[in-house]
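J.: Take this structure, written in structure tokens, and hold onto it; I'll ask about it next.
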Amino acid sequence: MLAFKNKQRYFLGSVFAPYVAAAINSSCVPQPDAMTTYIVPVPSSLKAVGKRGYSPVATMLERGMNRGLYASHLSIRPVLHYRVRHVFAGAQKLKSGSARRSGKEHFVAEQADTPGRQVILVDDVLTTGSTLRQAAMACQKAGYSVSVGVVLALTKPPNQGPEQ
-13 MLAFKNKQRY FLGSVFAPYV AAAINSSCVP QPDAMTTYIV PVPSSLKAVG KRGYSPVATM
47 LERGMNRGLY ASHLSIRPVL HYRVRHVFAG AQKLKSGSAR RSGKEHFVAE QADTPGRQVI
107 LVDDVLTTGS TLRQAAMACQ KAGYSVSVGV VLALTKPPNQ GPEQ
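Residues -13 to 150 in our numbering are what the sequence shown spells out, letter by letter.
If you want it as structure tokens, here you go:
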């Protein structure tokens, strides 16, 4: 994952895509009235995209979609965005768990086209869960129903003394 995110090993998006797709497909069921469930990537900050040249989550999801790996009732929709004041924010990985949890709302979601539409949030790495939690709150505030969050990797929070 580190090579994919930080060493410009862009091709690894194709390697990870089937695993992410399998987790997404197994975590949801078709909705009534053939309503599409949105796969919502947690966005990378502009600072991170500028450094890498791409968004790891968006890359994995696009590779999976291009290979037809998702169920027919699923569609990728990037409805989640950074709030303007957080567009160039630094990496979450550098913050302690308490700093992540106490942070202001980082995301805003586009208003749901259909109230209660199911969404599946997708992020690359879970450390404390703060980013996924903030993404879920923004989606719920915009009228979506968050059914599940899918991540590719877990990592330990940074060691900030006794609090972990």
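We put the beta carbon where it would ideally sit given N, CA and C, even for glycine.
Look up I106 in the DSSP assignment and give the residues it is bridged to.
T.: Within the sequence shown, residue 106 is the residue found at index 120, counting from 1. I106 pairs with I25 and V134.
J.: Cutting at 6 Å between CB atoms, please list the residues of its own chain near R87, excluding the five before and the five after it.
T.: Taking the sequence shown and counting its residues from 1, one reaches residue 87 at position 101. Residue confidence is low: R87 scores 49 on pLDDT, short of 50, so the model does not pin down where it sits. Its coordinate-derived value is still stated next. Cβ neighbours of R87 beyond the five flanking positions: S116.
J.: Within the chosen definition, does the stretch 107 to 123 reach the stretch 131 to 148 through at least 3 CB pairs nearer than 8 Å?
T.: Short answer: they touch.
J.: May I have the straight-line CA-CA distance separating G83 from Q120, to the nearest angstrom?
T.: Walking along the sequence shown from the start, residue 83 turns up at place 97. Walking along the sequence shown from the start, residue 120 turns up at place 134. Only weak support exists for where G83 lies, its pLDDT of 49 falling under 50; the value from the coordinates is given anyway. Cα-Cα distance, rounded: 14 Å.
J.: Identify whether F93 lies in helix, strand or coil by the three-state DSSP scheme.
T.: Position 107 of the sequence shown, counted from the first residue, corresponds to residue 93. Of the three classes helix, strand and coil, the one that applies to F93 here is strand, per DSSP.
J.: With distance defined between alpha-carbon atoms, name the residue in Q126, K(-9), P18 and K142 nearest to E159.
T.: Look at the range of the chain in this structure, -13 to 150, and you will see that residue 159 is not part of it.
J.: Short of 7 Å in beta carbon distance, which residues of its chain neighbour A7, apart from the five on each side in sequence? Order them along the chain.
T.: Here residue 7 refers to the residue found at position 21 of the sequence shown. Taken in chain order, the residues that qualify are G50, L55 and Y56.
J.: How close, in whole Å, do the beta carbons of Y(-4) and S31 come, if the pair is a contact with beta carbons under 8 Å?
T.: Numbered from 1 along the sequence shown, position 10 holds the residue referred to as residue -4. Numbered from 1 along the sequence shown, position 45 holds the residue referred to as residue 31. No, Y(-4) and S31 are not in contact; Cβ-Cβ is about 18 Å, not under 8 Å.
J.: What would DSSP say about S68, mapped onto helix, strand or coil?
T.: For the purposes of this step, residue 68 is taken as residue 82 along the sequence shown, with counting starting at 1. Reading the sequence as shown, one finds Tyr at residue 68 and not Ser. Correct three-state label for Y68: strand.
J.: Within its chain, find whatever has a CB closer than 8 Å to the CB of E48; leave out the 5 residues flanking it on each side and keep chain order.
T.: Indexing the sequence shown from 1 puts residue 48 at position 62. Same-chain partners within the cutoff: G(-1) and I62.
J.: By a C-beta neighbour count over all protein chains shown, 10 Å radius and 16 as the cutoff for buried, is L140 buried or exposed?
T.: Locating residue 140 in the sequence shown gives position 154, where the first residue counts as 1. Result: exposed.
J.: Please classify L60: does DSSP put it in a helix, a strand, or coil?
T.: In the sequence shown, counting from the first residue as 1, residue 60 sits at position 74. Strand.
J.: Flag this pair as yes or no: are the beta carbons of L66 and V26 separated by less than 8 Å?
T.: The residue given as residue 66 occupies position 80 in the sequence shown. The residue given as residue 26 occupies position 40 in the sequence shown. Yes, the pair counts as a contact, with Cβ atoms nearer than the cut-off.
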